[in-house]
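Some notes on the structure that comes next.
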Amino acid sequence: MTVLILTSEQDVTADMAVVELNAEGIPVVRLDPAELPGGVDVSGEWAHGAFHGHLSAGGRVVSMSGLRSIWVRRPGRPSARAQAASPWLTEESTQALYGMLRCTDARWMNHPDAARQARYKPWQLWLARACGLPVPATLITTFPRAAREFADRYPDLVVKPVSGAHPGDGTLAVPTTRVRPGEDFRDVAHGPTLLQRRIRKAADIRLTCVGDQLFAARAAHPADGPHASDVVDVRFADAVGPWTPVPVPRRTADAVHAYLTRAQLAYGAFDFVEDVDGIWWFLECNQAGQFGFVEIETGQRIGRAVARWLAGEWSGANPPEEDRNTS
Amino acid sequence: MRPFALNYARPTQDVEVSTPYTYDSALQLNVLPDGGVAALDYAVLREFGATTSTAGSKTHFDD
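From first to last, the protein sequence lines are chains A and B.
full-length UniProt numbering applies: residue 1 is where the first sequence begins, and numbers increase by one.
full-length UniProt numbering applies: residue 1 is where the second sequence begins, and numbers increase by one.
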């Protein structure tokens, strides 16, 4: 039985799991849907009451009935690099590839339906709260008056994109940034705006979840000073870290497990802010978040955990005790 | 008519970095010029930031 990995060739984070799968002798087929057709080919037949599908990539051919799991890591847009690339061909290839893969019994990390749902930040905030995670007061609005009233109640705010996407052609980014004093918020009328109470940060926490396994890493944050940057987004900080492994508070672990169960996610990378009282405040859950930088800095074997989940070595219910990183 | 959040936009500092490894379709792994597996060379990965939380963020926003 084969593990199918959908990702780009340049994805060295995926390599970390491939190395582990190779070491265990688990067959792997890795492909980028952007190469369909040509570099990747697909065929499926529905006849005599049965479905038979095949995939081909890099000289490897695999029967879809022989897939044990599918890891949707960093796949390109289907047919993006095809000779006859077009939006229509992308839609055709998306239907063919992902439609057939949905006909298999393979386990998904993560299923496309769950992944799509999990990307909605308003839903993330709702679910996190429902699962018992502390969530900073947040407003998403196109009403300038609502924004002003929110700012009156919470004078120290940050702004960030609702979607997390970069605007335009990728040359601009909107990092999580403190709202300037005296803002009049008129421009809120021109697009949904996410405002959130700023948490006085003691540290950033990245909590990577693979099945039932939790890997928490902490990067201390320098104390706020008169020259502190208004950009509070760890991804855009000049110097972050070092990241060090930390245990997960039991209540947080329980809440995160509940979140993943309700979201039907096998993998999630949670971002928290740890405040000066040690409370972990939920910011977001990235259903395909990077883990390589955490593994490199902390030594936590996340790639191995991913590989073992994909291999089906564990049901997810009973990982070995040494990999349960909770307190 | 500028959305509020764009008042806080800034240019990305992403530059195309030429990595010292290339994809080997036979191994299904990225390999270094000496044939070593890139994923096992943490010094290289650190230097090129290929596994950080902003890697690939132009196409994948949830990282």
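Where a beta carbon is used, it is the ideal one built from N, C-alpha and C, also for glycine.
The structure presented is a predicted model; accordingly, all values stated were derived computationally and were not measured.
Rounded to whole angstroms, what is the Cα-Cα separation between residue i and residue j?
i: Ile18(A); j: Ser25(B); result: Residue identity differs from the one stated: residue 18(A) is Val in this sequence, not Ile. Using only the alpha carbons, I get a separation of about 12 Å.
i: Ala173(A); j: Gln95(A); result: 31 Å
i: Ser69(A); j: Thr104(A); result: 9 Å
i: Asp34(B); j: Gln28(B); result: 16 Å
i: Ala9(B); j: Val61(A); result: 46 Å
i: Gly38(A); j: Tyr23(B); result: 17 Å
i: Gly53(A); j: Ser43(A); result: 6 Å
i: Ala39(B); j: Ala189(A); result: 47 Å
i: Phe270(A); j: Asp152(A); result: 29 Å
i: Thr261(A); j: Gly49(B); result: 32 Å
i: Leu127(A); j: Tyr259(A); result: 7 Å
i: Leu310(A); j: Thr208(A); result: 16 Å
i: Val159(A); j: Thr193(A); result: 7 Å
i: Val28(A); j: Glu92(A); result: 25 Å
i: Thr51(B); j: Val44(B); result: 11 Å
i: Gly289(A); j: Gly268(A); result: 7 Å
i: Asp212(A); j: Cys131(A); result: 16 Å
i: Asp15(A); j: Arg186(A); result: 47 Å
i: Glu20(A); j: Arg206(A); result: 23 Å
i: Leu31(A); j: Val12(A); result: 14 Å
i: Gly191(A); j: Arg2(B); result: 8 Å
i: Phe272(A); j: Thr252(A); result: 11 Å
i: Asn22(A); j: Val3(A); result: 11 Å
i: Thr244(A); j: Gln83(A); result: 46 Å
Using the three-state DSSP reduction, which class does residue i fall into: helix, strand or coil?
i: Gly69(A); result: What sits at residue 69(A) in the sequence shown is Ser, not Gly. It is a strand residue.
i: Phe185(A); result: coil
i: Gln95(A); result: helix
i: Arg2(B); result: coil
i: Gly303(A); result: helix
i: Arg119(A); result: coil
i: Gly292(A); result: helix
i: Met16(A); result: helix
i: Gln83(A); result: coil
i: Gly316(A); result: The pLDDT assigned to Gly316(A) is 43, lower than 50, so where the model puts this residue is not dependable; a value taken from the coordinates is nonetheless given after this. Reduced to three states, the DSSP call for Gly316(A) is coil.
i: Gln196(A); result: strand
i: residue 376(A); result: Given that chain A is displayed from residue 1 to residue 327, the structure contains no residue 376(A) and the question cannot be resolved.
i: Thr138(A); result: strand
i: Arg145(A); result: helix
i: Leu45(B); result: helix
i: Val179(A); result: coil
i: His60(B); result: Since pLDDT at His60(B) reaches only 43, below the 50 mark, its modelled position is unreliable, and the value read off the structure follows with that caveat. Coil.
Just grab the DSSP bridge partners of residue i for me.
i: Leu283(A); result: DSSP output for Leu283(A) lists no bridge partner at all.
i: His54(A); result: Ser43(A) and Ser63(A)
i: Asn30(B); result: Tyr23(B)
i: Val37(B); result: Val31(B)
i: Asp204(A); result: Ala219(A) and Val273(A)
i: Val246(A); result: Ala216(A)
i: Met109(A); result: Trp71(A)
i: Pro11(B); result: Leu172(A)
i: Gly268(A); result: Cys209(A)
i: Val158(A); result: Arg178(A) and Gln196(A)
Chain B beta carbons: is any one of them nearer than 7 Å to that of residue i?
i: Leu172(A); result: yes
i: Arg324(A); result: Confidence at Arg324(A) is low in this model, with a pLDDT of 44, below 50, so its placement is unreliable and no value can be given for it.
i: Met1(A); result: no
i: Phe143(A); result: no
i: Ile140(A); result: no
i: Gln196(A); result: no
i: Phe272(A); result: no
i: Gln290(A); result: yes
i: Thr90(A); result: no
i: Val159(A); result: yes
i: Thr208(A); result: no
i: Met16(A); result: yes
i: Ile205(A); result: no
i: Asp187(A); result: yes
i: Glu9(A); result: yes
i: Arg200(A); result: no
i: Ile26(A); result: no
i: Thr13(A); result: yes
Tell me, please, whether the CB atom of residue i is closer than 7 Å to any CB atom in chain A?
i: Ala43(B); result: no
i: Leu32(B); result: no
i: Ser18(B); result: no
i: Phe61(B); result: Bear in mind that the predicted position of Phe61(B) carries a pLDDT of just 43, short of 50, making it unreliable; the figure below should be weighed with that in mind. Closer than 7 Å to some Cβ of chain A, the Cβ of Phe61(B) qualifies, so yes.
Can you tell me which of the options puts its alpha carbon nearest to the alpha carbon of residue i?
i: Thr177(A); options: Pro20(B), Leu6(B) and Asn30(B); result: Leu6(B)
i: Arg148(A); options: Leu133(A), Pro167(A), Val179(A) and Pro175(A); result: Val179(A)
i: Gln196(A); options: Ala219(A), Leu207(A) and Val232(A); result: Val232(A)
i: Glu9(A); options: Phe4(B), Met1(B), Thr12(B) and Tyr21(B); result: Tyr21(B)
i: His257(A); options: Ser56(A), Asp187(A), Cys285(A) and Ala34(A); result: Cys285(A)
i: Pro222(A); options: Lys201(A), Gly59(A), Asp41(A) and Arg235(A); result: Lys201(A)
i: Arg198(A); options: Leu157(A), Ala34(A), Gly241(A) and Ala216(A); result: Leu157(A)
i: Leu36(A); options: Phe143(A), Thr7(A), Thr141(A) and Thr298(A); result: Thr7(A)
i: Asp41(A); options: His48(A), Ala47(A) and Pro33(A); result: Pro33(A)
i: Val210(A); options: Gly76(A), Ile302(A), Gln124(A) and Glu297(A); result: Ile302(A)
Does any heavy atom of the ligand COA sit closer than 6 Å to the C-beta of residue i?
i: Thr104(A); result: Of ligands this structure carries none, so the ligand COA is not represented either.
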